[in-house]
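Residue numbers (the numbering used here): 1244 to 1352. Glycine residues also receive a C-beta, built at the ideal position from the N, C-alpha and C atoms. Take a look at the structure below.
So this is what it looks like as structure tokens:
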């Protein structure tokens, strides 16, 4: 049996702003922190909870001289030690953030 610490984790990825696989469901509440330029998705229900007790994507936008950088984090707790690290969900989060950026950029030009 794994220790509780072995079931918790955090994936992080930074992407410059300017998913593949099967579809699934995810219902979330979005929390915006304008002062820190951050949004957090608090999961309510969805397929992700078949494998994870906790699933919390976080995006922080950091302005730079030209554009911004999105710092993405995915906090999670696996149901058990056999559950994989949620890389596929991080890939989807990256893709979603890039789509939001493309839409926002197109609207601003």
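So what does DSSP say about residue 1340, is it helix, strand or coil?
-> helix
If you draw a straight line from the C-alpha of residue 1272 to the C-alpha of residue 1308, how long is it?
-> 32 Å
Distance between residue 1277 and residue 1337 (C-alpha atoms, nearest Å) = 20 Å
Where does the unbroken beta strand (DSSP E) through residue 1319 begin, and where does it stop?
-> 1311 to 1321
Would you list the residues sitting across from residue 1306 in a DSSP beta bridge?
-> 1311
Do the CB positions of residue 1316 and residue 1328 come within less than 7 Å of each other?
-> no
Throw me the rounded Cβ distance for the residue 1285 and residue 1294 pair, which I believe falls under 8 Å.
-> The Cβ separation is near 18 Å, so there is no contact.
Can the beta-carbon of residue 1298 be found closer than 7 Å to that of residue 1304?
-> no
For residue 1325, the three-state DSSP class (helix, strand or coil) = coil
For residue 1313, which option in 1281, 1324 and 1322 has the closest C-alpha, if you only look at C-alpha atoms?
-> 1281
For residue 1325 and residue 1346, the rounded distance between their alpha carbons = 38 Å
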